[in-house]
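Student: I am attaching a structure below and will ask some questions about it afterwards.
Protein chains in written order, with the numbering used here: chain A, 7 to 244; chain B, 1121 to 1361.
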């Protein structure tokens, strides 16, 4: 479980996250809201790119905000980015293996972790390929394989489905649904593909102007009048 | 009416032809949906039409005037505005300066009216006109990128992943904007991950697969027959009208 209390982030005069209190305890939790609502800032606060002015984040008993970002990564926090961060000049294997480097695994353990991640992500045939040769979806899957390899505890995905066709999103859906069984990690998912959120997220939290306006079972959240008005754009019949 | 004609266009990246012998025509006032799996060549096509990627052979012309090999600036001046995938804004500059930069060829009065129109389409940006573009959220930056295309008063907009990173509410609003732009005489090439949305709006649809069209024709037919779309995505020629 991730227990978040009083999380507050402001950039100058702009309040990006306004005293968020929430307990996240589903295998996959959706994070949705209008553009600029604070979704990415929320992930950035957890990962360490943004230092909140106040608040506590206790993930599976560890107080994350007390750790520097690299220690959070070593603890088992992983993330992907809106614009995928794959390094063109090195192989797919090196792109993925880089997160294992600080963990001090034996050669055998490392090999086992990599093989499993490649298989899970459907990238086995591309292991030695140079990342520059990959298409957009393979690049996205490379980044996601980097998120799941080894023994992560919390995986945060920032719009992994953006820009992909329905067939590709459906592969992504199977991948995300499989994470909990693959390595036991909890996933936080930001995406604007409502169908993807509905089908993979057990629970969903909704941000609007930095305020948590809903957190509940995904279906209940999608039926919430306020969420429909500010996010889905469905007007209630008068 | 203006026509942007593409004839036998081939675009090579590295050693591979990413667009191969492609021919089609865009007309002002019409929405053309371009679908296809990743790696099919959609983004390369937009970049080639915008002059940002060199084409190997073929012809690109606007009302008979050749744009083949023309600079991106000349193409934009001629009235073809591309919105490449992934927002590439001037991150250190304000929202308003980003919009003004896209209207470099307009008079001060025209620019004022064009920027005001963008704020009408995206009221979210009006309150942030002085904000540094790079400090905004991904979705807000996409709004600015689209705003840049609108500001340049184009005859054609080539939008690569128009709804990328935008909330459903904004996507719905944006599609009404696309309809409005088309009704006002702008020709639109729409690349869109939400195929249902794109097909519901388009006058014509193409499916690109491995650099060639595997479907060209009625968008309604693709909507009604999802298996046709599926086949076309796999690169098998479904029906080329």
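Idealized CB from N, CA, C, for every residue including glycine.
1) With distances taken from CA atoms, which of B:1160, B:1185, B:1131, B:1215 is nearest residue 1262 (chain B)?
2) Considering residue 1233 (chain B), what are the terminal residues of the alpha helix (DSSP H) in which it resides?
3) By the criterion of Cβ-Cβ separation under 7 Å, what are the contact partners of residue 1257 (chain B) in chain A?
4) Looking at the strands, I want to know which residues DSSP matches up with residue 1329 (chain B).
5) Taking C-beta to C-beta, are residue 197 (chain A) and residue 165 (chain A) nearer than 8 Å?
6) So, at 6 Å on beta carbons, what are the nonlocal neighbours of residue 1076 (chain B) in its own chain, with the 5 sequence-adjacent residues on each side left out?
7) Start and end of the alpha helix (DSSP H) containing residue 1266 (chain B)?
8) Ignoring anything shorter than 4 residues or poking outside the stretch 1168 to 1221 of chain B, list the alpha helix (DSSP H) runs there in chain order.
9) Can you tell me whether residue 67 (chain A) is buried or exposed, with buried defined as 16 or more other CB within 10 angstroms of its CB?
10) Do residue 177 (chain A) and the ligand SAM come close, with the Cβ less than 7 Å from some heavy atom?
11) Can you tell me where the beta strand (DSSP E) with residue 209 (chain A) in it begins and where it stops?
12) Taking Cβ to Cβ, would you say residue 1272 (chain B) is nearer than 8 Å to residue 1223 (chain B)?
13) One question on the structure: do residue 1154 (chain B) and residue 1310 (chain B) come within less than 8 Å of each other, judged by their Cβ atoms?
14) Can you check whether the C-beta of residue 1170 (chain B) is within less than 8 Å of a C-beta belonging to chain A?
15) Quick one: complete alpha helix (DSSP H) runs, 4+ long, within the stretch 1276 to 1310 of chain B?
16) Note down, in chain order, all residues in the stretch 147 to 175 of chain A with a beta-carbon under 7 Å from any beta-carbon belonging to chain B.
17) Tell me the rounded alpha-carbon separation between residue 48 (chain A) and residue 1251 (chain B).
18) Hey, residue 1152 (chain B) and residue 1312 (chain B) are a contact pair by Cβ (cut 8 Å); roughly how many whole angstroms apart?
19) How would you label residue 1163 (chain B), buried or exposed, when you count the other beta carbons within 10 angstroms and need 16 or more for buried?
20) Closer than 8 Å, Cβ to Cβ, to anything on chain A: give me those residues from the stretch 1288 to 1299 of chain B, in chain order.
21) Nearest CA to the CA of residue 109 (chain A): which residue from A:206, A:81, A:11, A:97?
22) Kindly indicate which residue of B:1193, B:1255, B:1260, B:1227 has the alpha-carbon position closest to the one of residue 1239 (chain B).
23) Mind listing the chain B neighbours of residue 238 (chain A)? Cutoff is C-beta to C-beta under 7 Å, in chain order.
24) With a threshold of 16 other CB atoms inside 10 Å of the CB of residue 76 (chain A), please say whether the residue is buried or exposed.
25) Distance check for residue 1148 (chain B) and residue 1199 (chain B), CA to CA, integer angstroms please.
26) What's the call for residue 6 (chain A), buried or exposed, on a 16-neighbour Cβ count within 10 Å?
27) What whole-angstrom Cβ distance do residue 28 (chain A) and residue 211 (chain A) have, given they're in contact under 8 Å?
28) So what's residue 133 (chain A) in DSSP terms, helix, strand or just coil?
29) Would residue 242 (chain A) count as contacting chain B if we go by Cβ distances under 8 Å?
30) Thinking C-alpha only, which one of B:1255, B:1256, B:1206, B:1266 is nearest residue 1235 (chain B)?
31) Check each residue of the stretch 1139 to 1168 of chain B: if its Cβ is closer than 7 Å to any Cβ of chain A, include it; give the result in chain order.
32) Within this structure, are the beta carbons of residue 1146 (chain B) and residue 1307 (chain B) separated by less than 8 Å?
33) Would you mind stating whether residue 1205 (chain B) and residue 114 (chain A) have Cβ atoms separated by less than 8 Å?
34) Using beta carbons (cut-off 8 Å, strictly below), is residue 1342 (chain B) in contact with chain D?
35) Under 8 Å between C-beta atoms, does residue 50 (chain A) make it to chain B?
36) Can you list, in chain order, the residues of the stretch 126 to 147 of chain A whose Cβ is nearer than 7 Å to any Cβ on chain B?
Tutor: Concretely, from the data shown:
1) Mapped onto the second chain, residue 1262 (chain B) falls at position 142. Nearest option by C-alpha distance: B:1215.
2) Within the second chain, the letter at position 113 stands for residue 1233 (chain B). Residue range 1228 to 1241 is occupied by the alpha helix (DSSP H) that includes residue 1233 (chain B).
3) Mapped onto the second chain, residue 1257 (chain B) falls at position 137. Going along chain A in sequence order, the residues near residue 1257 (chain B) (Cβ under 7 Å) are 41, 42, 46.
4) Counted from its first residue, the second chain places residue 1329 (chain B) at position 209. Note: residue 1329 (chain B) sits in a beta bridge opposite B:1332.
5) Here the question's residue 197 (chain A) lines up with position 191 in the first chain. Here the question's residue 165 (chain A) lines up with position 159 in the first chain. A distance below 8 Å separates the beta carbons of residue 197 (chain A) and residue 165 (chain A).
6) Residue 1076 (chain B) is absent from the structure shown; chain B starts at 1121 and stops at 1361.
7) Here the question's residue 1266 (chain B) lines up with position 146 in the second chain. Counted as a single uninterrupted DSSP element, the alpha helix (DSSP H) harbouring residue 1266 (chain B) occupies residues 1258 to 1271.
8) Listed in chain order, the complete alpha helix (DSSP H) runs (minimum 4 residues) inside the stretch 1168 to 1221 of chain B are 1192 to 1198.
9) By one-based count along the first chain, residue 67 (chain A) stands at place 61. Its Cβ having fewer than 16 others within 10 Å, residue 67 (chain A) is exposed.
10) In terms of ligand content, the structure shown is empty, and the ligand SAM therefore cannot be addressed.
11) On the first chain, position 203 is the one that residue 209 (chain A) refers to. In this chain, the beta strand (DSSP E) harbouring residue 209 (chain A) covers 209 to 214.
12) For the purposes of this step, residue 1272 (chain B) is identified with residue 152 of the second chain, where counting begins at 1. For the purposes of this step, residue 1223 (chain B) is identified with residue 103 of the second chain, where counting begins at 1. A Cβ-Cβ contact shorter than 8 Å links residue 1272 (chain B) with residue 1223 (chain B).
13) In the second chain, counting from the first residue as 1, residue 1154 (chain B) sits at position 34. In the second chain, counting from the first residue as 1, residue 1310 (chain B) sits at position 190. Contact check for residue 1154 (chain B) against residue 1310 (chain B) passes: the beta carbons are separated by less than 8 Å.
14) Stepping through the second chain from its first residue, residue 1170 (chain B) is reached at position 50. By this cut-off, residue 1170 (chain B) is not an interface position.
15) 1288 to 1303, all fully within the stretch 1276 to 1310 of chain B.
16) Of all residues in the stretch 147 to 175 of chain A, only 165, 168, 169, 170, 171, 172, 173, 174 come within less than 7 Å of chain B when Cβ atoms are compared, listed by chain position.
17) Counting from 1 along the first chain, the entry for residue 48 (chain A) is found at position 42. Counting from 1 along the second chain, the entry for residue 1251 (chain B) is found at position 131. If you take the alpha carbons of residue 48 (chain A) and residue 1251 (chain B), they lie about 20 Å apart.
18) As a position in the second chain, residue 1152 (chain B) is number 32, starting the count at 1. As a position in the second chain, residue 1312 (chain B) is number 192, starting the count at 1. The pair is not a contact, with the Cβ atoms about 11 Å apart (cut-off 8 Å).
19) Taking the first residue of the second chain as position 1, residue 1163 (chain B) is located at position 43. By the neighbour-count rule (16 or more Cβ atoms within 10 Å), residue 1163 (chain B) is buried.
20) Residues of the stretch 1288 to 1299 of chain B with a Cβ closer than 8 Å to any Cβ of chain A, in chain order: 1288, 1289, 1290, 1291, 1292, 1293.
21) Here the question's residue 109 (chain A) lines up with position 103 in the first chain. It is A:81.
22) Counted from its first residue, the second chain places residue 1239 (chain B) at position 119. That would be B:1260, whose Cα lies nearest to the Cα of residue 1239 (chain B).
23) If you number the first chain from 1, residue 238 (chain A) lands on position 232. Neighbours of residue 238 (chain A) on chain B, chain order: 1288, 1289.
24) Working through the first chain from its first residue, we reach residue 76 (chain A) at position 70. Classification for residue 76 (chain A): exposed.
25) In the second chain, residue 1199 (chain B) corresponds to position 79, counting from 1. In the second chain, residue 1148 (chain B) corresponds to position 28, counting from 1. Here the C-alpha atom of residue 1199 (chain B) lies approximately 11 Å from the C-alpha atom of residue 1148 (chain B).
26) Examination of residue 6 (chain A) is not possible in this model, given that chain A is present from 7 through 244 alone.
27) As a working note, residue 28 (chain A) is residue 22 in the first chain. As a working note, residue 211 (chain A) is residue 205 in the first chain. With a Cβ gap of about 6 Å, residue 28 (chain A) and residue 211 (chain A) count as contacting.
28) Residue numbering aside, residue 133 (chain A) sits at position 127 when the first chain is read from its first letter. If DSSP states are grouped into helix, strand and coil, residue 133 (chain A) belongs with coil.
29) Position 236 of the first chain, counted from the start, is the residue given in the question as residue 242 (chain A). Bear in mind that a pLDDT of 47 at residue 242 (chain A), under 50, signals an unreliable position, so the model cannot answer this.
30) Position 115 of the second chain, counting from 1, holds the residue named residue 1235 (chain B). Nearest C-alpha to residue 1235 (chain B): B:1266.
31) Of all residues in the stretch 1139 to 1168 of chain B, 1157, 1158, 1159 have a Cβ within less than 7 Å of some Cβ in chain A.
32) Your numbering for residue 1146 (chain B) matches position 26 in the second chain. Your numbering for residue 1307 (chain B) matches position 187 in the second chain. Against a cut-off of 8 Å, the Cβ pair of residue 1307 (chain B) and residue 1146 (chain B) comes out as a contact.
33) Start at 1 with the first residue of the second chain, and residue 1205 (chain B) comes out as number 85. Start at 1 with the first residue of the first chain, and residue 114 (chain A) comes out as number 108. Taking 8 Å as the Cβ cut-off, residue 1205 (chain B) and residue 114 (chain A) do not qualify as a contacting pair.
34) Reference to chain D is not applicable here, since the protein chains of this structure are A and B.
35) Here residue 50 (chain A) refers to the residue found at position 44 of the first chain. So, not an interface residue.
36) Within the stretch 126 to 147 of chain A, the residues whose Cβ lies closer than 7 Å to some Cβ of chain B are 141, 142, 143, listed in chain order.
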